[in-house]
Amino acid sequence: MIDDADGLRRVLAQTRTIAVVGLSAKWNRPSFFAAQYMQQRGYTIIPVNPAYETVLGERCYPSLRDIPVPVDMVDCFRKPEELMPIVDDAIAIGARTLWLQLGVINREAVARAEAADLAVVMDRCVKIEYARLFGGLGWFGVNTGVISSKRPLPPPRIAPAER
Numbered sequence: 001m002i003d004d005a006d007g008l009r010r011v012l013a014q015t016r017t018i019a020v021v022g023l024s025a026k027w028n029r030p031s032f033f034a035a036q037y038m039q040q041r042g043y044t045i046i047p048v049n050p051a052y053e054t055v056l057g058e059r060c061y062p063s064l065r066d067i068p069v070p071v072d073m074v075d076c077f078r079k080p081e082e083l084m085p086i087v088d089d090a091i092a093i094g095a096r097t098l099w100l101q102l103g104v105i106n107r108e109a110v111a112r113a114e115a116a117d118l119a120v121v122m123d124r125c126v127k128i129e130y131a132r133l134f135g136g137l138g139w140f141g142v143n144t145g146v147i148s149s150k151r152p153l154p155p156p157r158i159a160p161a162e163r
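What follows is the structure in structure tokens.
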């Protein structure tokens with residue numbers, strides 16, 4: 001399981017496409033503003049929620065297996081007891097990373113994903129980690145825990161035409 005700054009930075013730098021399982025279309029839900037934040041930083045967001053047609057201007061899919069393009073990261077906003085089928089789907093579609101959001105803790109799911117060679121991050125927010133590691137939180141005076149006089153460069157943004 002990845003739990004250090006270098007590992008998290010590497011995962012975020014190598015990721016371009018994030019399937020967000022449980023992404024809500026409601027602007028005030030954590031899944032919405034986390035996905036929107038990452039989308040604004042050049043990541044391709046693929047909403048996965050059978051309740052919606054579109055979220056954040058992107059087509060929404062009922063499940064991971066319905067996504068027709070490769071996915072780098074599966075970001076889970078679901079209850080821990082609902083994770084095992086999601087892990088199976090993430091493995092089936094060839095995702096490289098399983099990211100379990102804050103409060104989403106399931107060691108059995110982590111073990112299954114790691115056994116299939118997925119990188120796993122558990123109980124962390126992708127938005128918070130991106131901001132902490134690439135300088136976003138520092139603007140608000142939040143102690144990021146990263147001691148350096150220089151902020152690392154964020155991963156390069158990908159223009160919509162290149163996606």
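If you count the sequence shown from 1, position 96 lands on 96 in the working numbering, and the numbers rise without skipping. Glycine included, each C-beta is placed from N, C-alpha and C at the ideal position. Quick caveat, the model's predicted, so the values are computed rather than measured.
Buried versus exposed, by CB contacts within 10 Å (16 or more), Arg10:
Mapped onto the sequence shown, residue 10 falls at position 10. Exposed, because fewer than 16 other Cβ atoms sit within 10 Å of the Cβ of Arg10.
Can you give the Cα-Cα distance for Tyr43 and Leu98, rounded to whole angstroms?
The residue labelled residue 43 in the question sits at position 43 within the sequence shown. The residue labelled residue 98 in the question sits at position 98 within the sequence shown. Near 16 Å, if we compare the C-alpha coordinates of Leu98 and Tyr43.
Under the three-state DSSP convention, the category Tyr52 falls into
Mapped onto the sequence shown, residue 52 falls at position 52. It is coil, neither helix nor strand.
Do Val110 and Ile2 count as a contact pair if the criterion is CB distance below 8 Å?
As a working note, residue 2 is residue 2 in the sequence shown. As a working note, residue 110 is residue 110 in the sequence shown. Cβ atoms of Ile2 and Val110: not closer than 8 Å.
Answer yes or no: do Gln39 and Leu56 have a C-beta to C-beta separation smaller than 8 Å?
Position 39 of the sequence shown, counted from the first residue, corresponds to residue 39. Position 56 of the sequence shown, counted from the first residue, corresponds to residue 56. It is a contact, given that the beta carbons lie within the stated cut-off.
Look up Arg112 in the DSSP assignment and say whether it is helix, strand or coil.
Within the sequence shown, the letter at position 112 stands for residue 112. Arg112: helix per DSSP, three-state reduction.
Just grab the DSSP bridge partners of Leu75 for me.
For the purposes of this step, residue 75 is taken as residue 75 along the sequence shown, with counting starting at 1. Strictly speaking, residue 75 in this sequence is Asp, with Leu absent from that position. Bridge partners of Asp75: Val20, Trp99.
Does the distance from the C-beta atom of Leu102 to that of Cys125 stay below 8 Å?
Your numbering for residue 102 matches position 102 in the sequence shown. Your numbering for residue 125 matches position 125 in the sequence shown. A contact, by the Cβ cut-off of 8 Å.
Relative to the alpha-carbon of Asp88, which residue among Leu64, Arg107, Pro70 has its alpha-carbon at the smallest distance?
Your numbering for residue 88 matches position 88 in the sequence shown. Among Leu64, Arg107, Pro70, the Cα nearest to that of Asp88 belongs to Leu64.
Best match in Ile93, Pro30, Thr17, Tyr37 for proximity to Arg78 [C-alpha to C-alpha]
By 1-based counting over the sequence shown, the position of residue 78 is 78. Checked all of Ile93, Pro30, Thr17, Tyr37; the closest Cα to Arg78 is Pro30.
When the distance is taken between beta carbons, is Pro50 closer than 8 Å to Pro62?
Residue 62 sits at position 62 when you count from the first residue of the sequence shown. Residue 50 sits at position 50 when you count from the first residue of the sequence shown. Yes, Cβ-Cβ distance for Pro62 and Pro50 is below 8 Å.
First and last residue of the uninterrupted alpha helix (DSSP H) at Ala34:
In the sequence shown, counting from the first residue as 1, residue 34 sits at position 34. Element bounds for Ala34: 30 to 40.
Could you name the residues of the same chain whose beta carbon sits closer than 6 Å to that of Ala25, not counting the 5 residues immediately before and after it, in chain order?
Taking the first residue of the sequence shown as 1, we reach residue 25 at position 25. Excluding sequence neighbours, Ala25 sits near Tyr52, Val55.
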